[in-house]
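K.L.:
Residue 381 in UniProt numbering sits at position 381 of the sequence shown; the count goes up by one each step and never skips.
By construction, the Cβ of each residue, glycine as well, lies at the ideal position given by its N, Cα and C atoms.
Take a look at this one; I'll ask things after.
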Amino acid sequence: MWKPSERLMETIRHYASFPATGVSLRQMVQFGDRPSTGTLFRASQFLSEELPIRLAHRVQDLGELPDGLSEMPSIKKVQDWYAQSFEEIINLPRPTLSQEVKARLLRPGKMSGGFSKILSETTQNPSIKEGQYRSSPTNGNGNGKGHVSRRYFYPSDDQGHWPPELNDYNQRFAKTLQHIKRRHDSVVTTVAQGILEWKRKRQRLQIDSTVQSFLDRFYMSRIGIRMLIGQHIALTEQTHVRHPNYVGIICTKTNVREVALEAIDNARFVCEDYYGLFEAPKIQLICKDDLNFMYVPGHLSHMLFETLKNSLRAVVETHGADKEAFPVTKVIVAEGKEDITIKISDEGGGIPRSSIPLVWTYMYTTVDQTPNLDPDFDKNDFKAPMAGFGYGLPISRLYARYFGGDLKLISMEGLHPFYSEPDPPPSQGLTLMNIQAARMRNREVSERKQVGDAESMLNAEPLSA
1 MWKPSERLME TIRHYASFPA TGVSLRQMVQ FGDRPSTGTL FRASQFLSEE LPIRLAHRVQ
61 DLGELPDGLS EMPSIKKVQD WYAQSFEEII NLPRPTLSQE VKARLLRPGK MSGGFSKILS
121 ETTQNPSIKE GQYRSSPTNG NGNGKGHVSR RYFYPSDDQG HWPPELNDYN QRFAKTLQHI
181 KRRHDSVVTT VAQGILEWKR KRQRLQIDST VQSFLDRFYM SRIGIRMLIG QHIALTEQTH
241 VRHPNYVGII CTKTNVREVA LEAIDNARFV CEDYYGLFEA PKIQLICKDD LNFMYVPGHL
301 SHMLFETLKN SLRAVVETHG ADKEAFPVTK VIVAEGKEDI TIKISDEGGG IPRSSIPLVW
361 TYMYTTVDQT PNLDPDFDKN DFKAPMAGFG YGLPISRLYA RYFGGDLKLI SMEGLHPFYS
421 EPDPPPSQGL TLMNIQAARM RNREVSERKQ VGDAESMLNA EPLSA
């Protein structure tokens, strides 16, 4: 079994002293549908320094958890995964380049003219309190004001051919990231198992605010790291095969109706299977056919699936699984000038006001007994069974907040809860999945949060030697 050496841990502590650098969604899309070898190599160089910083922060956090949580076997296993991934990236040999090639890599390409003027500064996500994710609300747009070597996207001079060493490194780096991504597939379930171990050892029914805050930061970080890794792997593959409307894993024309219909079918299938129903409660979708915007379809699908699953469960258990017909759950999608709003309204009986904060607590569940987690079960994005683990809504809220939106729960006990927010003032258009769509027809995105982990909202600083 792999274990980190003391020398490696010293290196990790050194990297953890540096802040993460923000990368914006729009910056990711600037690569286009077929990035050049030079531009991709520059991105590989950036990630070879940025990912170890983010991984180092997670290793350090996992080793400093309170009340003995860091000593749980599953937590130690995850910490070792992050340390091993850190080691693999920093030990990946870099190519030896001539001075001419180095100078060419730093020479602006065609796309860079006026590029920094196009990107707008990010605005703070109103749903995130200052310092909630150890972040600065006045972060830049990910383009960076430091040296060009610390920028994720910087189009290089692509006139002529690049030496084969660059393409070879790009491929080796992408394969390393693929291996790391597979290793971390079961991080969510393994950390959840660690929390269960800790709760049982300490005889705790619920986790405290310190652990809750850590899990929020940790899982937000995981979303960011996997976003960067998944995007880079897809961009590398895109140099050979093009996918219409896709830049990496980002779809420039995500069709909300198509994603919602798929999530509805999946949620109803799980509901029928779990309760043994001939037909799950019906779900009515109200959405324009041509509502498209730039987003990551997998994130939207995950949020819709988890919230719909909770709604269906509430409806079935409130009205009884033996009922022949159930009230219809509605999914209403509205397109505003700045936001896309999705409201899920059901007749599931509601939640007592005192219990609403607990809905966002990890490992909180109304199931009588939480079973052990199978690490091999749906390890990719933790789409758990109908109920039992208390992760669906907290993780979905992080996905919503990741690109500047939010997930809200408004309950009417005795009638029906619905996922939305009362009519907000014009300056704050936050509702269930307040997914930014600031005029996507022009492929304009005004991020309220940087793409990346919790620290990525900090002001970018050059990495010193």
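So, with DSSP's three-state summary, where would you put residue 294?
P.N.:
For residue 294, the three-state secondary structure derived from DSSP is strand.
K.L.:
In this structure, how does DSSP classify residue 399 when only helix, strand and coil are distinguished?
P.N.:
helix
K.L.:
Could you check what DSSP says for residue 271 in three-state terms: helix, strand or coil?
P.N.:
helix
K.L.:
Excluding the 5 residues flanking residue 66 on each side, which residues of the same chain have their C-beta closer than 6 angstroms to its C-beta?
P.N.:
Result list for residue 66: 210, in chain order.
K.L.:
Compare the Cα-Cα distances from residue 100 to each of 290, 261, 279 and 162 and report the closest residue.
P.N.:
162
K.L.:
Buried or exposed: residue 2, going by 16 or more other Cβ atoms within 10 Å of its Cβ?
P.N.:
exposed
K.L.:
Just verifying my parser: in three-state terms, what is the DSSP assignment at residue 65?
P.N.:
In the structure shown, residue 65 sits in coil (DSSP, three-state: anything other than H, G, I, E or B).
K.L.:
Go ahead and label residue 339 buried or exposed: buried means 16 or more other beta carbons lie within 10 angstroms of its beta carbon, across all protein chains shown.
P.N.:
buried
K.L.:
So is residue 208 buried or exposed if we call it buried at 16+ other beta carbons inside 10 Å?
P.N.:
exposed
K.L.:
Quick one: Cα of residue 305 to Cα of residue 298, how far?
P.N.:
10 angstroms
K.L.:
Determine the direct distance from the alpha carbon of residue 90 to that of residue 49, and round the result to whole angstroms.
P.N.:
8 angstroms
K.L.:
Please return the same chain residues whose Cβ sits closer than 7 angstroms to the Cβ of residue 290, not counting the five positions on each side in sequence.
P.N.:
Within the same chain, and ignoring the five residues on either side of residue 290 in sequence, no residue has its Cβ closer than 7 angstroms to its Cβ.
K.L.:
Is the beta carbon of residue 307 sitting closer than 8 angstroms to the one on residue 396?
P.N.:
yes
K.L.:
Among the candidates 42, 57 and 194, whose CA atom is the shortest distance from the CA of residue 169?
P.N.:
42
K.L.:
Have a look at residue 27 and residue 21 and give me their C-alpha separation to the nearest angstrom.
P.N.:
13 angstroms
K.L.:
Under 8 angstroms between the Cβ atoms of residue 271 and residue 215?
P.N.:
For the 8 angstroms CB-CB criterion, residue 271 and residue 215 do not form a contact.
K.L.:
Which residues share a DSSP beta bridge with residue 247?
P.N.:
250
K.L.:
Looking at residue 33 and residue 257, is the spacing between their C-beta atoms short of 8 angstroms?
P.N.:
no
K.L.:
Determine, using beta-carbon pairs with one atom in the region 276 to 290 and one in the region 313 to 331, whether at least three such pairs fall under 8 angstroms.
P.N.:
yes
K.L.:
Distance, Cα to Cα, residue 55 vs residue 83?
P.N.:
For the pair residue 55 and residue 83, the Cα-to-Cα distance works out to about 7 angstroms.
K.L.:
Mind checking whether residue 359 and residue 398 have CB atoms under 8 angstroms apart?
P.N.:
Result no, Cβ atoms of residue 359 and residue 398 do not sit closer than 8 angstroms.
K.L.:
Residue 192 and residue 391 - do their beta-carbons sit closer together than 8 angstroms?
P.N.:
yes
K.L.:
Would you verify that the beta carbon of residue 414 is, or is not, closer than 8 angstroms to some beta carbon of chain C?
P.N.:
Structure shown: chain C not included; a single protein chain is present.
K.L.:
Taking 6 angstroms as the limit between beta carbons, can you name the residues of its chain near residue 10, skipping five residues before and five after?
P.N.:
Same-chain partners within the cutoff: there are none.
K.L.:
What residue does the beta strand (DSSP E) around residue 285 start on, and which one ends it?
P.N.:
Note, residue 285: beta strand (DSSP E), 283 to 286.
K.L.:
Pull up the distance between the alpha-carbon of residue 352 and that of residue 413, whole angstroms please.
P.N.:
6 angstroms
K.L.:
Who are residue 78's beta bridge partners in DSSP?
P.N.:
Answer is none; residue 78 lacks a bridge partner.
K.L.:
When burial is assigned at 16 or more other CB atoms within 10 Å of the CB, is residue 177 buried or exposed?
P.N.:
buried
K.L.:
Spatial neighbours of residue 4 within its chain, please: CB distance less than 7 angstroms, with the 5 preceding and 5 following residues excluded, ordered by chain position.
P.N.:
80 and 83
K.L.:
What does a CB cutoff of less than 6 angstroms around residue 46 pick up in its chain, not counting 5 residues either side in sequence?
P.N.:
152
K.L.:
Buried or exposed for residue 240, going by 16 or more other Cβ atoms inside 10 Å?
P.N.:
The residue is exposed, with fewer than 16 neighbouring Cβ atoms inside 10 Å.
K.L.:
Please report how far the alpha carbon of residue 31 lies from the alpha carbon of residue 294, in whole angstroms.
P.N.:
Going by the C-alpha atoms only, they are around 15 angstroms apart.
K.L.:
Closest by CA to residue 58, which one among 97, 357, 288 and 220?
P.N.:
220
K.L.:
Please report the straight-line C-alpha distance between residue 165 and residue 96, rounded to a whole angstrom.
P.N.:
Roughly 8 angstroms between the two C-alpha positions.
K.L.:
Looking at the unbroken beta strand (DSSP E) that takes in residue 345, where does it start and where does it end?
P.N.:
339 to 345
K.L.:
Looking at the unbroken alpha helix (DSSP H) that takes in residue 329, where does it start and where does it end?
P.N.:
Counting along the chain, residue 329 falls outside any alpha helix (DSSP H), though it belongs to the beta strand (DSSP E) covering 329 to 335.
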